[in-house]
Ligand code: GBH
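Numbering (mature numbering (1 follows the signal peptide of the UniProt record, and there is no 0)), first residue to last: -11 to -1, 1 to 466.
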């Protein structure tokens, strides 16, 4: 579209939302305030589990970035940086502390005020219902995600959120990375609540999560039919790009496609097509454990996402011979991450080819590097973050190529995370776009240089799709 402005022709830019994400346990703190119940993560760390040897004493999310008390100032950064979207999660045990029907009104009010504050700062709120902090009471009563009893409890929780926030929320992310929740919490047991149920429990838990997601969307579309016409649902999942080791070898390309298909077919296919993918069922490991959906399960599951929620962090290679190639373009402090910016463009194209749906990058981020550091407290919390700048610059170049050249329908890009936070086991990894001073305990906030660059990039290349404007003055001095 072209607009004539005093004789100059200005091409309208592509609309694409951008901003940041965060999750309750990782930033809020205030673990026992205003009627909040105990989550499995509170108990896990209070019991001394999950720590890295040599890390500072007993890191946990009790205080975290103290965002519960500082959220108004923190969210002012959205307007200051001209971000147009912000993804946050609700702490389930703040709303339902005892995993029964008793609602904590203070918790309901907190998130209502919170949503108002996001909107006042000109950003579109994306609401995550569950980012892993299951109420401990659900775990104690019936084993949490090991039992179908969690489905009815969660539906009641979702209903409370629809009822209280449905007037302001359009984008709903019921479950964040439910496969990771199941794998790490109940399968291998390295995250809370530390259940080592193995593959059968892991796969059952994730199967249950799919069915729960379907029931939540069904509830929205029946009980809140009028509003739900405008609501958009997604299930953010972490999926890595898998590169054929030799792109000229058909066998390697087939192998990479098979491996991508088995993950996509596990994470996304049920919500789009109503069943696990063919590759998932054919895989020797997954095929052994994926349960079957009944005909009625399949019919309620199919079509329960409006966009693919892509959490993109990493990449690997695949080949027919088992040969691997190194894709990393820069170092990272996360042992599980391989930074490969071209993979962002490739995975977007791959996902679009499979699903023909809108794509929202619900998470993407970089924790810094820990080269040349001697103690865990010396980590790079730096504000002159050249490595992160390189990370954003190369990923955004690929994002723009996907959008402008490949014409991919990417609707938003949510950088992980708004601020440095408790990275589930440690404060060692600094994913924040805003630094938080954990080292001397002031928790002072400083915008990282790369974030200013990113803000300029988005505001130069893209238009705001949501039509919200800030109702407050900029961020605190
Ligand atoms: C996302 O998960 C989360 O949604 C978010 O909360 C988190 O802050 C962000 O990524 C950055 O990590 O088995 O030792 O390799 C990413 C998926 C799942 C990756 C757990 C790391 C455990 C590490 N994560 N996994 S390991």
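Idealized CB from N, CA, C, for every residue including glycine.
Since this is a predicted model, take the numbers as computed values, not measurements.
So is the beta-carbon of residue i under 8 Å away from any non-hydrogen atom of the ligand GBH?
{"i": "residue 354", "result": "yes"}
{"i": "residue 439", "result": "no"}
{"i": "residue 445", "result": "no"}
{"i": "residue 213", "result": "no"}
{"i": "residue 121", "result": "yes"}
{"i": "residue 413", "result": "yes"}
{"i": "residue 173", "result": "yes"}
{"i": "residue 34", "result": "no"}
{"i": "residue 224", "result": "no"}
{"i": "residue 118", "result": "no"}
{"i": "residue 329", "result": "no"}
{"i": "residue 166", "result": "yes"}
{"i": "residue 405", "result": "yes"}
{"i": "residue 319", "result": "no"}
{"i": "residue 42", "result": "no"}
{"i": "residue 180", "result": "yes"}
{"i": "residue 17", "result": "no"}
{"i": "residue 478", "result": "Any question about residue 478 goes unanswered here, given that the chain covers just -11 to 466."}
{"i": "residue 256", "result": "no"}
{"i": "residue 325", "result": "yes"}
{"i": "residue 28", "result": "no"}
{"i": "residue 322", "result": "no"}
{"i": "residue 131", "result": "no"}
{"i": "residue 301", "result": "no"}
I think residue i touches residue j, with their Cβ atoms under 8 Å apart; what is that distance to the nearest whole Å?
{"i": "residue 18", "j": "residue 113", "result": "Actually they are not in contact, since the Cβ atoms of residue 18 and residue 113 sit about 25 Å apart, beyond 8 Å."}
{"i": "residue 420", "j": "residue 428", "result": "No, residue 420 and residue 428 are not in contact; Cβ-Cβ is about 16 Å, not under 8 Å."}
{"i": "residue 266", "j": "residue 251", "result": "7 Å"}
{"i": "residue 353", "j": "residue 301", "result": "5 Å"}
{"i": "residue 155", "j": "residue 216", "result": "5 Å"}
{"i": "residue 144", "j": "residue 202", "result": "At roughly 11 Å, the Cβ-Cβ gap does not stay under 8 Å, so residue 144 and residue 202 are not in contact."}
{"i": "residue 115", "j": "residue 407", "result": "Wrong, their Cβ atoms sit about 12 Å apart, outside the cutoff."}
{"i": "residue 134", "j": "residue 197", "result": "7 Å"}
{"i": "residue 176", "j": "residue 191", "result": "3 Å"}
{"i": "residue 80", "j": "residue 122", "result": "5 Å"}
{"i": "residue 178", "j": "residue 185", "result": "4 Å"}
Go to residue i, then tell me how far its beta strand (DSSP E) extends in each direction, as first and last residue.
{"i": "residue 78", "result": "74 to 78"}
{"i": "residue 405", "result": "399 to 405"}
{"i": "residue 389", "result": "It is not in any beta strand (DSSP E) - residue 389 instead sits in the alpha helix (DSSP H) that spans 375 to 389."}
{"i": "residue 305", "result": "304 to 307"}
{"i": "residue 162", "result": "160 to 164"}
{"i": "residue 230", "result": "230 to 233"}
{"i": "residue 117", "result": "113 to 119"}
{"i": "residue 434", "result": "434 to 436"}
{"i": "residue 7", "result": "6 to 10"}
{"i": "residue 425", "result": "423 to 425"}
Over the uninterrupted alpha helix (DSSP H) stretch that includes residue i, give me the two end residues.
{"i": "residue 224", "result": "Residue 224 -> no alpha helix (DSSP H), and no H or E assigned at all."}
{"i": "residue 214", "result": "214 to 217"}
{"i": "residue 83", "result": "81 to 84"}
{"i": "residue 144", "result": "138 to 154"}
{"i": "residue 299", "result": "It is not in any alpha helix (DSSP H) - residue 299 instead sits in the beta strand (DSSP E) that spans 296 to 300."}
{"i": "residue 352", "result": "No alpha helix (DSSP H) holds residue 352; the beta strand (DSSP E) holding it covers 347 to 352."}
{"i": "residue 261", "result": "258 to 262"}
{"i": "residue 20", "result": "No alpha helix (DSSP H) holds residue 20; DSSP gives it neither H nor E."}
{"i": "residue 34", "result": "29 to 35"}
{"i": "residue 125", "result": "125 to 131"}
{"i": "residue 55", "result": "No alpha helix (DSSP H) holds residue 55; DSSP gives it neither H nor E."}
{"i": "residue 317", "result": "Note, residue 317: premise wrong, no alpha helix (DSSP H); not H, not E."}
{"i": "residue 339", "result": "331 to 344"}
Beta-carbon within less than 7 Å of residue i's beta-carbon, same chain only, minus the 5 sequence neighbours each way: which residues are those?
{"i": "residue 343", "result": "253"}
{"i": "residue 298", "result": "162, 223, 224, 225, 226, 349, 351"}
{"i": "residue 220", "result": "159, 161, 209"}
{"i": "residue 24", "result": "86, 93, 95, 96"}
{"i": "residue 20", "result": "31, 50, 51"}
{"i": "residue 249", "result": "231, 339"}
{"i": "residue 361", "result": "Its pLDDT being 42, under 50, residue 361 is placed unreliably in this model, and the value from its coordinates should be taken loosely. There are no such residues."}
{"i": "residue 439", "result": "374, 377, 378, 381"}
{"i": "residue 240", "result": "309"}
{"i": "residue 213", "result": "151, 155"}
{"i": "residue 166", "result": "225, 226, 227, 300"}
{"i": "residue 180", "result": "39, 173, 174, 413"}
I'd like the list of long-range same chain contacts for residue i, defined as Cβ closer than 8 Å, with 5 residues on each side in sequence excluded.
{"i": "residue 392", "result": "3, 5, 399"}
{"i": "residue 458", "result": "111"}
{"i": "residue 363", "result": "The predicted model places residue 363 with a pLDDT of 39, which falls under 50 and marks its position as unreliable; any figure quoted below should be read in that light. Nothing listed; no residue qualifies."}
Residues in the same chain with beta-carbon distance under 6 Å from residue i, minus the five sequence neighbours each way, listed in chain order, please.
{"i": "residue 446", "result": "385"}
{"i": "residue 307", "result": "231, 244, 245, 248"}
{"i": "residue 270", "result": "276"}
{"i": "residue 443", "result": "381"}
{"i": "residue 272", "result": "251"}
{"i": "residue 72", "result": "8, 112"}
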